[in-house]
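Heads up, the sequence shown is in my numbering, so the first residue is -17 and it goes up one at a time.
No residue lacks a Cβ here, since even glycine has one placed at the ideal position from N, Cα and C.
One structure below.
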Amino acid sequence: MSTHNLNQLFENQNNWDFEEPETGHEKRFLEKLNKQKPSKKKKLNWIPLSIAASLLLGFGIILFLVNNPTTEEVVLSPQVQETHDYFSSVIRNELTQLKNQETPQSKALITDAMKELESLEDDYHNLKVEIANNGENKQIVFAMLTNLQTRISFIKTVLEQVEEINNLNTLDDEKHI
């Protein structure tokens, strides 16, 4: 800005506001300013909390993915796949029979058996993950087939126990008649 413009600006001082603020203006201003400061602190308190929550969520997701690896569909040799399909079919049929045999007296036994079968299913899933990671080998395939056979034998044993329970209940009911 040139000197001439500055001189003109200061010569026209009529446009300038020279009035004094009301008494106590500074005090009111400082009170308003102090009222605003705590709200800024509240906002700042959420920042570390939100960062911690984000980190916790991230670690949770990582732990979930590490403990529950997603498996691609495992490709088995045709003979192993055929055997797997056969055993799976037998297991489904046996489970259907078991569920059809359920009575109030045998419900606890069947519930416990289903938990045990879930454990065997988890083991089987781990074997499938092993095949997906390392490829098919005889030891893993043998372990898978043994798992399937164990499930079938276990279900048959539970079925026999359920039938015994149901037969005993039928005999008791006939005695009371």
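Assignment of residue 6 by DSSP, reduced to helix, strand and coil, places it in the coil class. Just so you know, the alpha carbons of residue 30 and residue 37 end up roughly 11 Å apart. Per DSSP, reduced to three states, the secondary structure at residue 87 is coil, with no helix or strand assignment. In this structure the region 106 to 114 does not touch the region 82 to 94; the number of beta carbon pairs closer than 8 Å is below three. Counted as a single uninterrupted DSSP element, the alpha helix (DSSP H) harbouring residue 71 occupies residues 60 to 82. Within the region 92 to 148, no run of alpha helix (DSSP H) reaches 4 residues while sitting entirely inside it.
Residue state for residue 13 is assigned as helix, using DSSP reduced to three classes.
The Cβ atoms of residue 134 and residue 76 lie closer than 8 Å to each other. It is roughly 10 Å from the alpha-carbon of residue 47 to the alpha-carbon of residue 41. Residue 95 counts as buried, since no fewer than 16 other beta carbons sit within 10 angstroms of its beta carbon. Residues 80, 91, 92 and 95 of the same chain have their beta carbon placed closer than 8 Å to that of residue 140, with the five preceding and five following residues left out of the count.
In this structure, the alpha-carbon of residue 107 lies about 14 Å from that of residue 98. A residue is called buried once 16 or more other Cβ atoms fall within 10 Å of its Cβ, and residue 33, having fewer, is exposed. Between residue 117 and residue 44, the alpha-carbon positions lie close to 25 Å from each other.
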